[in-house]
Amino acid sequence: MHATHSTRFTASLAASLTAASIGAFVVFGGLAPANAATGDAQLSVFHGVPGLTVDVYVNNKLTIDNFKPGDMAGPVALAAGTYTVAITASDAADASKPAIGPVDLKLEAGMNYTAVAHLGADAKPTATLFTNDTSTIAAGSGRLVVRHVAAAPAVDVLANGAVAISNLSNPKESVLVIPAGTISAVVAATGTTAPVIGPADVKVAEGVDTIVYAWGSLADKNLAVAVQTVSGMNSDPNGIPAGEAGLVATNRPADQTPLWLGGIAVLVLLGLGSATFLGLRRARR
Numbered sequence: 343m344h345a346t347h348s349t350r351f352t353a354s355l356a357a358s359l360t361a362a363s364i365g366a367f368v369v370f371g372g373l374a375p376a377n378a379a380t381g382d383a384q385l386s387v388f389h390g391v392p393g394l395t396v397d398v399y400v401n402n403k404l405t406i407d408n409f410k411p412g413d414m415a416g417p418v419a420l421a422a423g424t425y426t427v428a429i430t431a432s433d434a435a436d437a438s439k440p441a442i443g444p445v446d447l448k449l450e451a452g453m454n455y456t457a458v459a460h461l462g463a464d465a466k467p468t469a470t471l472f473t474n475d476t477s478t479i480a481a482g483s484g485r486l487v488v489r490h491v492a493a494a495p496a497v498d499v500l501a502n503g504a505v506a507i508s509n510l511s512n513p514k515e516s517v518l519v520i521p522a523g524t525i526s527a528v529v530a531a532t533g534t535t536a537p538v539i540g541p542a543d544v545k546v547a548e549g550v551d552t553i554v555y556a557w558g559s560l561a562d563k564n565l566a567v568a569v570q571t572v573s574g575m576n577s578d579p580n581g582i583p584a585g586e587a588g589l590v591a592t593n594r595p596a597d598q599t600p601l602w603l604g605g606i607a608v609l610v611l612l613g614l615g616s617a618t619f620l621g622l623r624r625a626r627r
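Residue numbers (my numbering): 343 to 627.
If you want it as structure tokens, here you go:
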């Protein structure tokens, strides 16, 4: 069982990272691209219901066609407001008989969201709207977000062998700000260390939200992960915390400004002295 989950975890992680590098690979029909007005909300959609290919309707309009489990769509820019989302079977003629929803999603200007279709703890399909944190991250660090959207009991997340997140239940999330780098992650039932997902390497980049979704069903043995990244939260290099400024300054070449100013002052004084001396000699003559 361990090997099976580890294989699924690694394959799903690789697929997610490949998808992230390509960008938005599912078209949101009729919606604006993510680089629209800066006051818009950004919305991504993740499909985390195993074995069900679906269509997604927004305000009764077919928006995502043939959406497959494990796929991530977006982000797209949407004007602030409330949107009614319904998820239907892929062969549905309209949104009148949804498999999930309809649910109202209230989006605020300038915010970043991910809507997730997933299984609840009771294994019934449901949907959850998560708000992605886009606040600035300290220099040298990244934000690791773990979201439990699987039909499974509460879990612990181990990073490099130590418990980093404990007792995370569906549909909750936990957020860590950690030094940028690669960690070996394992998902285990709360209070245990035996992996139900993993181990696998997760790269946390500087100034980036790395969002890991644990999805699927423990009973059906199809637990897997998906990874989403939200970038652009790098700290301003000029805003490095005071505790680190001394180290940065120590590694910089010495400030030459005082030497230049001192040298100029000496030259000016020498020039004035020479002019005075020559003036006195001429007066005596």
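Every residue gets a Cβ at the ideal spot worked out from N, C-alpha and C, and that includes glycine.
Asked                                                                                                                                                   : Found
Identify the continuous beta strand (DSSP E) that holds Glu628 and give its terminal residues.                                                          : Only positions 343 to 627 of the chain appear in the structure, and residue 628 is not among them; the question remains open.
Kindly give me the distance between the Cβ atoms of Val544 and Ile525, rounded to whole angstroms, as I take these residues to be in contact under 8 Å. : 6 Å
Can you say whether Glu450 is buried or exposed, counting buried as having 16 or more other CB atoms within 10 angstroms of its CB?                     : exposed
Inspect the CB distances between the stretch 407–414 and the stretch 440–447 and report whether three or more fall short of 8 Å.                        : no
Between Ala542 and Val487, what straight-line distance do the alpha-carbon atoms span, to the nearest angstrom?                                         : 16 Å
How long is the line joining the alpha carbons of Ala556 and Val550, rounded to whole angstroms?                                                        : 19 Å
If you follow the beta strand (DSSP E) that Leu385 is part of, which residue opens it and which one closes it?                                          : Ala383 to Gly390
Please state whether the Cβ-Cβ distance between Asn512 and Ala463 is less than 8 Å.                                                                     : yes
Using the DSSP secondary-structure output, state which residues sit across from Leu560 in a beta bridge.                                                : According to DSSP, Leu560 bridges with nothing at all.
Straight-line CA distance for Val400 to Asn474?                                                                                                         : 20 Å
State buried or exposed for Gly371, treating a residue as buried only when at least 16 other CB atoms are found within 10 Å of its CB.                  : Residue confidence is low: Gly371 scores 41 on pLDDT, short of 50, so the model does not pin down where it sits. Its coordinate-derived value is still stated next. Classification for Gly371: exposed.
What is the C-beta distance between Ala465 and Ala561, in whole angstroms, given that I count them as a contact (C-beta under 8 Å)?                     : 7 Å
I'd like the list of long-range same chain contacts for Ala496, defined as Cβ closer than 7 Å, with 5 residues on each side in sequence excluded.       : Asn509, Leu510, Ser511 and Thr532
May I ask you to list the residues that DSSP assigns as paired with Ser526?                                                                             : Asp543
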